Amino acid sequence: MFIKEGIIASPGIAIAKALVYEKVVVEVSQAKHEDSAVEIKKFHLALKQSQEQLEKIQIKAVSELGEEDGAIFAAHAMILEDPEFVESVEAEINDHKFCAAYAVKIVTHRFFLIFDEMDDPYFSARAADIKDVGTRVLHNILGVVLADLSKLSENVIIIADDLTPSDTAQMDKKKVKGFATNIGSRTSHTAIMARSLEIPAVLGLTDITETVSTGDMVIVDGLKGIVTINPDASQIKSAEEELLAYQAHLKELEGLKDLDAITLDGHKVELVGNIGEPGDVIGVLKNGGVGVGLYRTEFLYMNSETMPGEDKQLAAYRSVLEAFPDGPVIIRTLDIGGDKKLPYLPMDDELNPFLGLRAIRLCFKEVALFKIQLRAILRASVYGHAHIMFPMVSSVTEVRQAKVILKECMKELEESGIPYDKDVKVGVMIEIPSAAITADIIAKEVDFFSIGTNDLCQYTMAVDRMNQEVSYLYDPFNPAILRLVKQVIQASNNAPGLFTGMCGEMSGDPIAAIILLGLGLDEFSMSAIAIPQIKKIIRSVRYEDARVIANEALNLETGEAVVDHVLESMKKLKINI
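Quick note on numbering: the sequence shown equals residues 29 to 605 in my numbering.
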């Protein structure tokens, strides 16, 4: 037994076996063979092995999840028996002399494209099944053993060097009980996704992949930031007791679900959720969020083998809008670049990708891609209160350029007789210092601001938030950050009809809540799991007291002094976090 300390990324306690996740990149070249019989035999052995694997998974899925979920694997097994699939692979081996692995690769991709491009949602969904089955057969031909995070047979805690947005977007959310990674910070994508999934996570453990083996029992304590490897019976019992106490705390917060986020003296704000996919709205609704303050649409793209078409995007946006008939749904346009890339969209390597071709800059280069998304959002806008938000804006010129393209899309829809909300609200993320400083100019062009503190901190402090060597410089409570936030809110207040929200991780930080409230923030958007705690704080304080605390914080010299000031103020007001 031993304990490692890391960074608290997502609260909660998880107890489960470890699964060390190491990605294996399988490269299959266009290799030829000399004996078709040998390659066909390899193929059929892989089919048999895949069938046996799926049968085991199906039996377990039915017993644990029910017939409906188990039927998924039965459908996968049917693909293995489909004569058209099998005969197509055999034809590539016999007629074109391709080796078994390459034959499976190209046939799988061919079938995937056929189904993915179908308009019928049922058949387009089968594309993912075909890809999954083809990948399984391919790995069995090559003898590659790879942990499939989308099809897990038991509850696990994922142990990894890091997890990409694509990894977390595709994993089996029912089986993954926690994360523990070598690298990462509270504002890394792994941390953000862990909070969205409402599972405990401890990051920045340096060498956790070297000290833990698959099958080890692990306790991830996302309340204290520690990971216990192979705990003894007393430690497991203690963790179980702490888990029960934490669940009781969450139960208490559930009582706030249907109450407004309103201060003791009657000042009301909106608490909304950050989501990455339509399924995340369940967590937002469960925790009392009244809308969506940030829909990260890039996950829709990252979960697709090909560029998602207009109809596919429309269906996703519509489902979220219909879940919040009375609340806002702020849809951020594609934010790809930096550490987020698409396999089907070639991008040149850059010396500093976080300062390069990403987000709105990429959309200006790929206008056709941009217009597909804008048209989909506009078409979906008739099903709720859609807001369009442009990311990575650095100047008013970019805002005007984006609005020109948006108007072109509106005109195209009108000419085709397709309805959309002509009063759809348009806003920008304020995440670059130049945008924050010129917020009064940008305010003339938009309906709202949403402050993205993750990147605003990174760019203001010139610190890579993913680099643990300089992570101590990343401080959202730094006076420079607070003053920029105040400047943006003031610019919004001076422009009639504008509102300012915050979708960065700072908005879900209990220590920041009173300061942001006092600075005049209108909307707090955060991971769903954080909503009840922030609501409790807002309902426990007077707005006038929050204003005094915030103004005093603006005059302090360091982030540490700001945190101490807030904690002392909350203690005097008898507010617990």
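Glycine included, each C-beta is placed from N, C-alpha and C at the ideal position.
Quick caveat, the model's predicted, so the values are computed rather than measured.
- Ranked by Cα distance from Leu-526, the first of Met-106, Lys-472 and Leu-271 is Lys-472.
- Scanning Leu-434, Ile-187, Gly-171 and Gln-561 for the CA closest to the CA of Leu-177 turns up Ile-187.
- Assignment of Pro-538 by DSSP, reduced to helix, strand and coil, places it in the helix class.
- Arg-567 and Ile-290 have their C-alpha atoms some 5 angstroms from each other.
- With respect to Val-591, Ile-542 sits apart: the two C-beta atoms are not nearer than 8 angstroms.
- Per the C-alpha coordinates, the member of Leu-287, Ile-158 and Asp-144 positioned closest to Lys-133 is Ile-158.
- DSSP places Thr-361 outside both helix and strand once states are collapsed to three, so it counts as coil.
- Taken atom to atom, the span from the alpha-carbon of Ala-343 to that of Asp-573 is near 45 angstroms.
- For Pro-504, the three-state secondary structure derived from DSSP is coil.
- Val-184 sits close to Lys-205, with the two beta carbons spaced by under 8 angstroms.
- For Ala-188, the secondary structure class from DSSP, reduced to helix, strand or coil, is strand.
- Residues Asp-503, Phe-505 and Asn-506 of the same chain have their beta carbon placed closer than 7 angstroms to that of Gly-587, with the five preceding and five following residues left out of the count.
- Beyond the five residues adjoining it in sequence on each side, Arg-511 comes within less than 7 angstroms, by CB distance, of Leu-582 in the same chain, given in chain order.
- Taking a 10 Å sphere around the C-beta of Met-199, we find 16 or more other C-beta atoms and assign the residue as buried.
- The C-beta separation of Tyr-329 from Leu-370 comes to about 6 angstroms, placing the pair in contact by the 8 angstroms criterion.
- Gly-301 is not a Cβ neighbour of Ala-37, given a cutoff of 8 angstroms.
- Between Val-410 and Tyr-372 a beta carbon distance of about 30 angstroms is seen, past the 8 angstroms cut, so the two are scored as non-contacting.
- For Thr-466, no beta strand (DSSP E) run applies, since DSSP gives it neither H nor E.
- In this structure, the alpha-carbon of Asp-492 lies about 16 angstroms from that of Ile-35.
- Per DSSP, reduced to three states, the secondary structure at Val-591 is helical.
- With respect to the 8 angstroms criterion, Lys-599 and Leu-547 are not classified as neighbours on the basis of their beta carbons.
- Residue pairing by DSSP places Thr-256 opposite Ile-31 and Ile-247 in a beta bridge.
- Listed in chain order, the non-local C-beta contacts of Asp-189 below 7 angstroms within the same chain comprise Thr-209, Asn-210, Ile-211 and Thr-237, local neighbours out to five positions each way being set aside.
- Judged by pairs of C-beta atoms under 8 angstroms, the stretch 351-359 touches the stretch 295-309, as three or more such pairs exist.
- Within the stretch 540-573, the complete alpha helix (DSSP H) segments of 4 residues or longer fall at 559-566, listed in chain order.
- Scanning the stretch 290-377 from its first residue to its last, the whole beta strand (DSSP E) runs of 3-plus residues come out as 296-303, 320-324 and 356-360.
- Proximity to Glu-394 across Gly-412, Leu-379 and Met-375 peaks at Met-375, based on C-alpha coordinates.
- With a cut-off of 8 angstroms on Cβ pairs, the stretch 53-73 is in contact with the stretch 122-140, counting three or more such pairs.
- Put simply, the backbone Cα of Glu-280 is about 25 angstroms away from that of Cys-531.
- Ser-262 is positioned such that its CB atom lies no closer than 8 angstroms to that of Ala-46.
- Counting the other CB atoms within 10 Å of its CB gives Met-554 a total of 16 or more, which places it among the buried residues.
- Inclusion of Ile-41 and Leu-251 in the CB contact set at 8 angstroms is warranted, their separation being smaller than that value.
- In the DSSP assignment, Ile-479 falls outside any alpha helix (DSSP H) and lies within the beta strand (DSSP E) extending over 476-479.
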